[in-house]
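Peer 1: One structure is given below, represented as structure tokens, and several questions about it will come after.
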Amino acid sequence: MKSFFHAALAFALLAAPAHAQGEKFRTGPVFEDFGPVADVDADFSIPDKTKMRISFDVSKAADAGELNRTLVSAARFINMHARASVPIEDINVAVVVHGKAVYDVSNAARYADAIGGENANAALIASLTGEGVRIIVCGQSAAYYDVTNDDLAPGVEMALSAMTAHVLLQQDGYAINPF
5 MKSFFHAALA FALLAAPAHA QGEKFRTGPV FEDFGPVADV DADFSIPDKT
55 KMRISFDVSK AADAGELNRT LVSAARFINM HARASVPIED INVAVVVHGK
105 AVYDVSNAAR YADAIGGENA NAALIASLTG EGVRIIVCGQ SAAYYDVTND
155 DLAPGVEMAL SAMTAHVLLQ QDGYAINPF
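Dropping the structure here:
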């Protein structure tokens, strides 16, 4: 009985901080269903008239039925900076997708064929691309995984390669997210 009590107490103590943390994170103002962020009293300020151009790189696929963490991070990046008063028109985001993650940005039929079930990322992709986020697939990975342009979710672009996409984005002023 003591071990059950100790296990229950440990669970309660571990769950409390997670619950408290969850209350600090909210979605919006751009994506109401995705990209929760916390408001921060930051000392490292964002200068007025800052233009943000960032590319995210993703090769790790989400578990079946789960959201891809990097796609969620793109929504978080936009929500957090819009909430910090960076005008939405000054936030430009691209997500370069390669490796098995190409299935995460495929349409319903291709996802179901490759992974099974529904693609949990469909609504997130539609929200991101609807706000101007570029989602760019590595053509080399797509070829390897037998994913064609017709297999991609609406709004997702095909590039020659992820390397090509990153070079061109960097030449256009995009910084690559280091993590």
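Heads up: the sequence shown runs through residues 5 to 183, numbered per our numbering.
For each residue, glycine too, the CB sits at the ideal point set by N, CA and C.
1. Let's test the definition: count the other Cβ atoms within 10 Å of the Cβ of R73 and tell me whether it reaches 16, buried, or not, exposed.
2. Which same chain residues, not among the five before or five after N153, have their C-beta less than 6 Å away from its C-beta?
3. Quick one: residues in its chain with C-beta nearer than 6 Å to the C-beta of D108, no 5 flanking neighbours on either side, listed in chain order?
4. Looking at the structure shown, is E161 part of a helix, part of a strand, or coil, going by DSSP?
5. Where does F183 fall in DSSP's three states?
6. Which term fits Y148, buried or exposed, when burial requires 16 or more other beta carbons within 10 angstroms of its beta carbon?
7. Helix, strand or coil: which one does DSSP assign to V76?
8. Would you check if the stretch 51-58 and the stretch 115-122 touch, i.e. whether three or more CB-CB distances between them fall below 8 Å?
9. With H, G and I counted as helix, E and B as strand and the rest as coil, what does DSSP make of L128?
10. What is the DSSP secondary structure of V34, reduced to helix, strand or coil?
11. With a floor of 4 residues, list each alpha helix (DSSP H) that falls wholly inside the stretch 67-115, ordered by position along the chain.
12. Note down the Cα distance separating V97 from A68, rounded to an integer number of angstroms.
13. Answer with buried or exposed for A146, where buried requires no fewer than 16 other C-beta atoms within 10 angstroms of its C-beta.
14. Under a three-way DSSP split, which group does S49 fall into?
15. Tell me whether A166 is buried or exposed, calling it buried when 16 or more other Cβ atoms sit within 10 Å of its Cβ.
16. Tell me which residues share the same chain as P33 and place their Cβ nearer than 8 Å to its Cβ, disregarding the 5 neighbours each side in the sequence.
17. How would you call F48, buried or exposed, if buried means at least 16 neighbouring beta carbons within 10 angstroms?
18. Assuming V171 is part of the alpha helix (DSSP H), what are its boundary residues?
Peer 2: The answer reads as follows:
1. Exposed, by the Cβ-count rule.
2. For N153, where only same-chain residues beyond five positions count, the Cβ hits under 6 Å are M162.
3. Result list for D108: A65, A66, N72 and N125, in chain order.
4. When secondary structure is reduced to three states using DSSP, E161 falls in the strand class.
5. The three-state reading of DSSP puts F183 in coil, since its state is none of H, G, I, E or B.
6. By the neighbour-count rule (16 or more Cβ atoms within 10 Å), Y148 is not buried but exposed.
7. V76 carries a helical assignment under DSSP once its states are collapsed to helix, strand and coil.
8. At 8 Å Cβ cutoff, the stretches do not touch.
9. Helix.
10. In the three-state reduction of the DSSP assignment, V34 falls in the coil class.
11. List check, alpha helix (DSSP H) in window: 73-87.
12. V97 and A68 have their C-alpha atoms roughly 25 Å apart.
13. A146 should be labelled buried.
14. Of the three classes helix, strand and coil, the one that applies to S49 here is coil, per DSSP.
15. Burial check for A166: the Cβ neighbour count within 10 Å reaches 16 or more, so the residue is buried.
16. Hits under 8 Å: N83, A86 and R87.
17. Flag for F48 reads exposed.
18. Taken as a continuous stretch (DSSP letters only), the alpha helix (DSSP H) holding V171 covers A166 to Q175.
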